[in-house]
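Engineer: The structure under discussion is supplied below as structure tokens; questions concerning it will follow.
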Amino acid sequence: MLCGAIPMRQSTKSEYDGTPLSAAELHQLEECAAREGVNVLLITERRSLDQALKLIQAGNSAQMDDPDFVDELKSWIRFSAKTSIKQADGLSGPSAGNPSSPDWLGPILFNLMFKKKTENRKIAKQVVSSAGLAVFVAEDETPEGWIEVGRSFERFALMATALGLCHAHVNMPIEVRTVRPEFAKWLGMAERRPDLVVRFGRAEPMPMSLRRSVDEVIIA
Ligand SMILES: Cc1cc2nc3c(=O)[nH]c(=O)nc-3n(C[C@H](O)[C@H](O)[C@H](O)COP(=O)(O)O)c2cc1C
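Per our numbering, the very first residue in the sequence shown carries number 6; after that it's consecutive.
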């Protein structure tokens with residue numbers, strides 16, 4: 006069941022339809038993601054989602070104030086369809102709900118339109134329209150612990166796909182050093198270090214991000 010979902014899985018970066026998941030769906034996600042050494046917290050209560058949103062936006066604001074972060078993000082965007090196909094990596098405009106544009110114009114539009122207020126408003130719509138958030142926390146802060154988190158997340162993502170559900174990262178409160186402890190405290194785990202934050206819900210699939218073939222990325 007999970008293997009069959011691999012070709013369909015994607016990070017769906019659009020707004021979702023706002024409908025809640027059934028108890029059975031939540032149970033299947035939780036059960037599939039469960040691994041020894043990882044805590045998976047599913048947050049679905051509206052008030053908690055609103056509180057989490059504030060921390061996600063705090064992380065996003067800090068990232069957008071960091072020119073190095075913005076430069077790196079820009080370097081991963083494949084503005085034109087031609088470059089997207091040629092490089093077969095990164096983020097294509099359409100996969101994030103933006104039109105393709107010529108390579109000379111894309112960065113200019115990005116500089117004009119990528120503003121903190123607009124992005125935070127977009128994130129609010131994405132989180133409010135989601136059925137919930139999943140937070141993955143390794144019990145051990147070690148490479149082994151982080152690998153288990155990755156495995157747990159992949160199983161969660163594939164089960165969501167198999168159930169016809171969508172997911173996407175909203176990892177900003179993890180990625181910003183100053184927000185991460187605040188986020189851990191809010192989760193009631195002040196002494197721990199949360200590792201991944203993912204939203205989930207229902208939506209139509211978006212165009213897929215392109216990827217290189219397995220032969221091109223595995224060195225035998
Ligand atoms: C550790 C990790 C953190 C990520 N954090 C974010 C994030 O904060 N925001 C986001 O939009 N995508 C995030 N992504 C998702 C990537 O953007 C996504 O994997 C990429 O778009 C590839 O798309 P696909 O999953 O559809 O193949 C993250 C992915 C990983 C593996």
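C-beta atoms are modelled at their ideal positions from N, C-alpha and C, and glycine is treated no differently. Keep in mind it's a predicted model, so treat the numbers as computed, not measured.
Since phenylalanine 141 contacts valine 43 with CB under 8 Å, what's their CB separation in whole angstroms?
Structural biologist: Confirmed, about 6 Å.
Engineer: Hey, is asparagine 103 close to ligand 1, as in C-beta under 7 Å from one of its heavy atoms?
Structural biologist: No, the beta carbon of asparagine 103 sits no closer than 7 Å to any heavy atom of ligand 1.
Engineer: Three or more C-beta pairs closer than 8 Å, one from the stretch 12 to 29 and one from the stretch 167 to 179: is that the case here?
Structural biologist: Cβ pair count under 8 Å is three or more, so yes.
Engineer: Using only Cβ atoms and a threshold of 5 Å, which residues come within that distance of a heavy atom of ligand 1? Order them by chain position.
Structural biologist: Those satisfying the condition are, in chain order, Gln15, Ser16, His174, Asn176 and Ser214.
Engineer: Between Ile90, Arg207 and Lys79, which has its C-alpha nearest leucine 117's C-alpha?
Structural biologist: Answer by Cα proximity: Lys79.
Engineer: For isoleucine 223, does the three-state DSSP call read helix, strand or coil?
Structural biologist: If DSSP states are grouped into helix, strand and coil, isoleucine 223 belongs with coil.
Engineer: Three-state secondary structure (DSSP) at phenylalanine 74?
Structural biologist: Looking at phenylalanine 74 - three-state DSSP - the assignment turns out to be helix.
Engineer: Looking at C-beta atoms only, is the number of pairs between the stretch 21 to 41 and the stretch 148 to 166 that lie closer than 8 Å three or more?
Structural biologist: Yes, since at least three Cβ pairs between the stretch 21 to 41 and the stretch 148 to 166 fall closer than 8 Å, the two stretches touch.
Engineer: Given that a residue counts as buried once 16 or more other Cβ atoms are within 10 Å of its Cβ, and exposed if not, what is alanine 162?
Structural biologist: Buried is the call here.
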